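Take a look at the structure set out below.
Chains as they are written, first to last, in our numbering: chain A, 181 to 368; chain B, 181 to 368.
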């Protein structure tokens, strides 16, 4: 996605440890118009695939997921990191967060992820694929079908995309970062 | 907002302890088209007020905030509950969550909330006003100006709205729940 690639090269910064910082438009401050273009792009890529539900994980997945849901006219279910006391029965799994360096117990409402659902998973980053694995596990527990996964930015050198594609999943990433070596962002 | 009032009466449920459960379209599963209407409504209410930035708090504030940002053509800065190791200098405060029954240390990037900003705070619920107070404290630390606050649903009987209005803030709530007594949702 040309617009996104340009923006990453213009505003992105490399941090130590293979981290790409895109805080000015994705994960500390968000650019709603960019997110809207991102939603349209996922909507085009997964048009006519029978998707019935978008799934994402809080917090930075919500913006691209809600925009995708808007263009696909579909509800968005989101995986939570803390179970609020208002929440009924849940499906649960564990996810390791690379940027926060800890494990999370995450959960999703049983009411909104069921065996009738054909799910498109949307998230901001694909790195090692930990959050994606967690969401796939929740879908497996619900016996929901996975249509595919969509990521705003994939860091191809961290292997999550390879792992998911080898497992047979359709993975669409709008920007692919192939290297952050020597403080330089290289895109595919 | 008529569409929202109808949806609350149709899909909302009362839980014990003054909790309104609107999990099917706001905080476990989201309805992107409803969120889009909500964003347009806030955009109209705060048109021509000089707003330069939308501020919200993760996670359920993100969807209404990003839609408001889309219609107002403004960036959205979001307050985080955990500081990721990728984040630079932050402003920090503490927020008590009523539905999760705990205190959070929350933070926002210093880079994206500054004395130049004229801020519109957007969140899903206004109950006791704890999250709003936290965001107002962060804006005060940044010496940003507050133009106003917008909430999808205000529970007027929990006093947050009264507290904020008495303090001189403009508060716009798209739906006002005046009572949840006897398991019945009463709207203004």
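Positions of the beta carbon are idealized from the N, C-alpha and C atoms, including for glycine. Bear in mind the structure is a predicted one, so any value in this text is a computation, not a measurement.
Assign residue i to one of two classes, buried (16 or more other C-beta atoms within 10 Å of its C-beta) or exposed (fewer than that).
{"i": "residue 207(A)", "result": "buried"}
{"i": "residue 197(A)", "result": "exposed"}
{"i": "residue 203(B)", "result": "buried"}
{"i": "residue 335(B)", "result": "buried"}
{"i": "residue 260(B)", "result": "buried"}
{"i": "residue 303(A)", "result": "buried"}
{"i": "residue 236(B)", "result": "buried"}
{"i": "residue 363(B)", "result": "exposed"}
{"i": "residue 265(B)", "result": "exposed"}
Could you list which residues in chain B have their beta carbon closer than 8 Å to that of residue i, in chain order?
{"i": "residue 280(A)", "result": "262, 264 and 265"}
{"i": "residue 315(A)", "result": "Those do not exist, as residue 315(A) stays about 14 Å from chain B at its closest Cβ, beyond 8 Å."}
{"i": "residue 246(A)", "result": "210, 212, 215, 242, 243, 246 and 247"}
Whole angstroms are fine: how far does the CA of residue j sit from the CA of residue i?
{"i": "residue 291(A)", "j": "residue 241(A)", "result": "20 Å"}
{"i": "residue 233(B)", "j": "residue 239(B)", "result": "18 Å"}
{"i": "residue 247(A)", "j": "residue 255(A)", "result": "11 Å"}
{"i": "residue 281(A)", "j": "residue 305(B)", "result": "30 Å"}
{"i": "residue 316(B)", "j": "residue 301(B)", "result": "8 Å"}
{"i": "residue 189(A)", "j": "residue 347(A)", "result": "31 Å"}
{"i": "residue 195(B)", "j": "residue 249(A)", "result": "28 Å"}
{"i": "residue 244(B)", "j": "residue 215(B)", "result": "6 Å"}
{"i": "residue 252(A)", "j": "residue 295(A)", "result": "20 Å"}
{"i": "residue 213(B)", "j": "residue 274(A)", "result": "31 Å"}
{"i": "residue 331(A)", "j": "residue 349(A)", "result": "13 Å"}
{"i": "residue 201(A)", "j": "residue 258(B)", "result": "16 Å"}
{"i": "residue 340(B)", "j": "residue 199(A)", "result": "40 Å"}
{"i": "residue 318(B)", "j": "residue 365(A)", "result": "33 Å"}
{"i": "residue 218(A)", "j": "residue 307(B)", "result": "33 Å"}
{"i": "residue 310(B)", "j": "residue 283(A)", "result": "27 Å"}
{"i": "residue 297(A)", "j": "residue 211(A)", "result": "30 Å"}
{"i": "residue 383(B)", "j": "residue 183(A)", "result": "Chain B is shown only over 181 to 368; residue 383(B) falls outside these bounds and no answer can be derived."}
{"i": "residue 191(B)", "j": "residue 269(B)", "result": "42 Å"}
{"i": "residue 358(B)", "j": "residue 358(A)", "result": "54 Å"}
{"i": "residue 285(B)", "j": "residue 285(A)", "result": "19 Å"}
{"i": "residue 223(B)", "j": "residue 223(A)", "result": "25 Å"}
Could you give the C-beta distance for residue i and residue j, rounded to a whole number, given that I count them as a contact under 8 Å?
{"i": "residue 344(A)", "j": "residue 329(A)", "result": "6 Å"}
{"i": "residue 209(B)", "j": "residue 289(A)", "result": "7 Å"}
{"i": "residue 355(B)", "j": "residue 228(B)", "result": "Contact doesn't hold; Cβ gap of about 24 Å is too wide."}
{"i": "residue 324(A)", "j": "residue 367(A)", "result": "Contact doesn't hold; Cβ gap of about 33 Å is too wide."}
{"i": "residue 271(A)", "j": "residue 338(A)", "result": "Rounded, the Cβ-Cβ distance is 26 Å, inconsistent with contact."}
{"i": "residue 327(A)", "j": "residue 230(A)", "result": "7 Å"}
{"i": "residue 352(B)", "j": "residue 225(B)", "result": "5 Å"}
{"i": "residue 287(B)", "j": "residue 263(B)", "result": "5 Å"}
{"i": "residue 187(A)", "j": "residue 205(A)", "result": "6 Å"}
{"i": "residue 221(A)", "j": "residue 267(A)", "result": "Not quite, the Cβ-Cβ distance comes to about 32 Å (not below 8 Å), so this is no contact."}
How would you list, in chain order, the residues of chain A whose beta-carbon sits under 8 Å from the beta-carbon of residue i?
{"i": "residue 201(B)", "result": "266"}
{"i": "residue 289(B)", "result": "203, 208 and 209"}
{"i": "residue 258(B)", "result": "208, 209, 210 and 239"}
Whose Cβ in chain A lies nearer than 9 Å to the Cβ of residue i?
{"i": "residue 238(B)", "result": "238, 239, 240 and 242"}
So which residues of chain B does residue i contact, with C-beta pairs closer than 7 Å?
{"i": "residue 300(A)", "result": "By Cβ distance, chain B contributes nothing, its closest Cβ being about 13 Å from residue 300(A), past 7 Å."}
{"i": "residue 250(A)", "result": "212, 213 and 216"}
For residue i, return the contacting residues in chain A, with the cut-off set at a CB-CB distance below 7 Å.
{"i": "residue 292(B)", "result": "208 and 209"}
{"i": "residue 286(B)", "result": "Within chain A, no residue comes near residue 286(B); the closest Cβ sits about 12 Å away, beyond 7 Å."}
Using a Cβ-Cβ distance under 7 Å, would residue i count as near chain C?
{"i": "residue 195(A)", "result": "Within the model displayed, chain C is absent; protein chains A and B are what it includes."}
Using the beta-carbon of each residue, which ones in chain B are nearer than 9 Å to residue i?
{"i": "residue 337(A)", "result": "What residue 337(A) touches in chain B: nothing, since even the nearest Cβ is about 17 Å away."}
{"i": "residue 253(A)", "result": "212 and 213"}
{"i": "residue 331(A)", "result": "Those do not exist, as residue 331(A) stays about 17 Å from chain B at its closest Cβ, beyond 9 Å."}
Please indicate yes or no: does the CB of residue i lie closer than 6 Å to some heavy atom of the ligand PLP?
{"i": "residue 251(B)", "result": "Absence of the ligand PLP from the depicted structure is noted, as is the absence of any ligand whatsoever, leaving it without description."}
Just list the alpha helix (DSSP H) runs in the segment 329–363 of chain A, keeping only unbroken ones of 4 residues or longer that don't cross its boundaries, in chain order. Taken in chain order, the complete alpha helix (DSSP H) segments of 4 residues or longer contained in the segment 329–363 of chain A are 340–346.
Those runs of the alpha helix (DSSP H) which lie wholly inside the segment 262–314 of chain B and span at least 4 residues: Fully enclosed alpha helix (DSSP H) runs of 4 or longer: not present.
Can you list, in chain order, the stretches of the beta strand (DSSP E) that have 3 or more residues and sit fully within the segment 240–265 of chain B? As far as the segment 240–265 of chain B is concerned, its whole beta strand (DSSP E) runs of at least 3 residues are 256–259.
Suppose only complete runs of 4+ residues qualify. What are the alpha helix (DSSP H) ranges in the segment 199–231 of chain A, listed by chain order? Fully enclosed alpha helix (DSSP H) runs of 4 or longer: 212–225.
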